[in-house]
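For reference, the structure discussed in these notes is given below.
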Amino acid sequence: FQYAVGDIIMCGYRSKDMCPNLLKKGIFHAPLKYKTAPRVGVTIESALDYCYDLLAPGGVCERMLPSTYSVWRQESEEQCMKPKFSKMVYENPGNGIVKSLLEVDYKARINYARSKTTIFKLYKCIIIALWCLTMLVELRDIVRDVTWVLRFPSAASFGDDAVKVHDDGEGNAVYTIQGITITHRCLVGLVSISRLVMTCVLLFVGVMYLLKQTNYINLIMDAVALGFIMEISNLLYAQVLHTKVREQCESLDVMEVPMYGSEWLNQRPTLVNFIEAFAVAAIVAGIMYVWYRGTVEPLYEAIECACVGKGTHCREADRFSYDFWFNYWKEDVPNIFKAVAEMRKQVEGRNDATSAASTSQLLQKLMHRAKGSAIQHHMRPWP
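Residue numbers (the working numbering): 9 to 391.
Written out as structure tokens, the structure is:
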């Protein structure tokens, strides 16, 4: 088992594209330098051939291991996404020959590595902050509508004068609403509650949608798509609502109601805007911190470990490190050959001893039979 354990561990590297990476990590350093593993050989080409035979599609690993290995291999390749190659140079520690190879990396790991950079974090913060500000504007409108529903006078207080019509001096009719009915109030309140629920859902989904993106262009395109969703209501108003009804809505006089909250702040809207902007920035910074600490960092470490077999918290990289492979090829494999040779000698010695014992027993039997025949012949009567 100790001899085969190296091949089994090698299967965990999943793809033959990883073979140059394994050379660079020094996994074959000992056999190339000390010539202790015939299956690896002493050249870069022989080491690569050994690795390719194990990890190639339909190779030794896929043929010898259970079908669950093939399933895991396919799923991990999908998670790591497309391979990306770069040039590397490796020097054989045994003979000093230098060979140019292709080192592999994977798109998923590259994307998450990019998302951890300071520039990308700042870029993402700006995009998410803009989305949150868009939702803040929508929430302001909802608060205004709810305040209007709760505080606007009732139509019963004005009788037939609840709605007045007068001319603006240019021949256009202008409508002044002084009070609303209970039905009108309930309908607007129901619409406002529905808008509030939809806005909260859009805020949460949009933030999560933007947080998961790891590409500059895709991030801005996702933000544009979210902005388009927010414009749907304006498009419906402009395209679906009848022109006459739309003109009547736009000809309404301003309806004023006292706002809830601090009167001092209500009289200083600029200060309120600064407070809201700082609050949005602080919330976005907190969201980014929690997201990167709880999701991006662990996910990046997992992808790095699964795709390229390295990382500070990668158990495989720590357990099967350079020291492990150096000891395996330098000490364990030669010791296995010595143990096998010793067992062979013992078996051959036992076979020789068994063969000598069998020959001695056979000679004794033959001598016994010959002696018996002589005695019988001596006891026969004379003719």
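Think of the CB as a built atom: it goes at the ideal place given N, C-alpha and C, for glycine as much as any other residue.
Being a predicted model, the structure only gives us computed values, none of them experimental.
Residue i vs residue j beta-carbon contact at 8 Å
i, j, result
"C133", "V292", "yes"
"E324", "C313", "yes"
"V231", "W139", "Per the sequence presented here, residue 231 reads as Ala, with Val not at that position. Yes, the pair counts as a contact, with Cβ atoms nearer than the cut-off."
"S5", "V154", "The structure shown does not extend to residue 5, since the chain is modelled only from 9 to 391, so the question has no answer here."
"T44", "K338", "yes"
"I344", "Q87", "no"
"Y120", "V304", "yes"
"L31", "I52", "yes"
"C19", "L73", "yes"
"V157", "R122", "no"
"L147", "T207", "yes"
"V288", "A137", "yes"
"D25", "P91", "yes"
"Y131", "Y224", "yes"
"F328", "I16", "no"
"A181", "V171", "no"
Supposed contact pair residue j and residue i - C-beta distance, whole angstroms, cut 8 Å
i, j, result
"Y98", "L63", "The Cβ separation is near 17 Å, so there is no contact."
"M89", "A116", "4 Å"
"L40", "G104", "No, L40 and G104 are not in contact; Cβ-Cβ is about 11 Å, not under 8 Å."
"V215", "I135", "That pair is no contact at about 10 Å."
"S75", "K95", "Incorrect: roughly 36 Å between the Cβ atoms, too far for contact."
"G14", "Y336", "6 Å"
"L218", "L204", "Actually they are not in contact, since the Cβ atoms of L218 and L204 sit about 21 Å apart, beyond 8 Å."
"Y308", "K124", "7 Å"
"L210", "I237", "7 Å"
"R23", "E85", "For clarity, residue 23 is Ser in the given sequence; the question names Arg instead. That pair is a contact at about 7 Å."
First through last residue of the alpha helix (DSSP H) which encompasses residue i
i, result
"M238", "Y224 to Q247"
"H192", "I190 to L219"
"Y131", "T126 to R159"
"Q87", "S75 to C88"
"Y438", "There is no way to answer for residue 438, as the model of the chain reaches only from 9 to 391."
"E265", "According to the sequence displayed, residue 265 carries Val and not Glu. Run containing V265: none; DSSP gives neither H nor E here."
"P28", "C27 to K33"
"F286", "P277 to W299"
"E324", "R323 to R327"
"G14", "V13 to C19"
"P306", "E305 to V316"
"P39", "H37 to Y42"
"E70", "V68 to M72"
Extent of the continuous beta strand (DSSP E) to which residue i belongs
i, result
"M96", "P91 to E99"
"V173", "V171 to D175"
"T184", "A181 to I185"
Residue i - partner residues in DSSP beta bridges
i, result
"E111", "S94"
"V398", "Since the first residue shown for the chain is 9 and the last is 391, residue 398 is missing from the structure and cannot be characterised."
"S54", "For S54, which the question treats as bridged, DSSP gives no partner whatsoever."
"L260", "Y183"
"S162", "I188"
Is the segment 174 to 193 touching the segment 106 to 126 in the sense that three or more CB pairs, one from each, lie closer than 8 Å?
-> Verdict: no, contact absent.
Taking 8 Å as the threshold, find out whether the segment 24 to 36 comes into contact with the segment 57 to 72 through three or more Cβ pairs.
-> Cβ pair count under 8 Å is three or more, so yes.
Kindly confirm or deny that the segment 157 to 170 and the segment 250 to 261 touch, where touching means at least three C-beta pairs closer than 8 Å.
-> In short, these stretches do not touch, since the Cβ pair count stays below three.
At least three beta-carbon pairs within less than 8 Å, the segment 140 to 147 to the segment 62 to 82 = At 8 Å Cβ cutoff, the stretches do not touch.
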